[in-house]
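**Student:**
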Amino acid sequence: MPSTRRSRPALDRLLAFDEDAAEAVAVMTLLSSGRPEDQALGASLLADLLARPNGAERAGRGLASVAGGLLALLEFYGGVPPAEALRELGRLVAEAVAAE
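Once you know that position 40 of the sequence shown is 45 in my numbering, the rest is easy, because the numbers rise by one and skip nothing.
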């Protein structure tokens, strides 16, 4: 049975602060601003990113890097361990899905 653990080089590529992460930061910043014009621009940028060759994979890697970076910053500045932050996020998502 093959291992489900990722090799270290695969993790380094997945959690890299590179062009993919930079694009993901731009998309997340625009989408989370609360301004309709920023959200429209963020959605357009995301659609452009996804339309490129390997766009979904690159966007996924970028978003994973942004999420990992945010968790690290949360723990560093807020004192909240990533596992606790993820549990709380999971709870909030579950509540939102249940409310639909």
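Every residue, glycine too, gets a C-beta built ideally from N, C-alpha and C.
Under DSSP, the alpha helix (DSSP H) around V102 begins and ends at which residues?
**Tutor:** Looking at the DSSP string, the run of the alpha helix (DSSP H) that includes V102 is 87–104.
**Student:** Sorted by chain position, which residues of the same chain lie with C-beta nearer than 8 Å to A21's C-beta, five sequence neighbours on each side aside?
**Tutor:** Around A21: R66, S70.
**Student:** Give the DSSP-derived three-state secondary structure of L2 in the structure shown.
**Tutor:** The structure shown does not extend to residue 2, since the chain is modelled only from 6 through 105, so no value can be given for it.
**Student:** Say whether the segment 81–96 touches the segment 33–43, bearing in mind that this needs 3 or more beta-carbon pairs closer than 8 Å, one atom from each stretch.
**Tutor:** The segment 81–96 vs the segment 33–43: no contact.
**Student:** Which first and last residues belong to the alpha helix (DSSP H) in which S70 is found?
**Tutor:** Unbroken alpha helix (DSSP H) run through S70: 60–83.
**Student:** Three-state secondary structure (DSSP) at A26?
**Tutor:** In this structure, A26 counts as helix in the three-state DSSP scheme.
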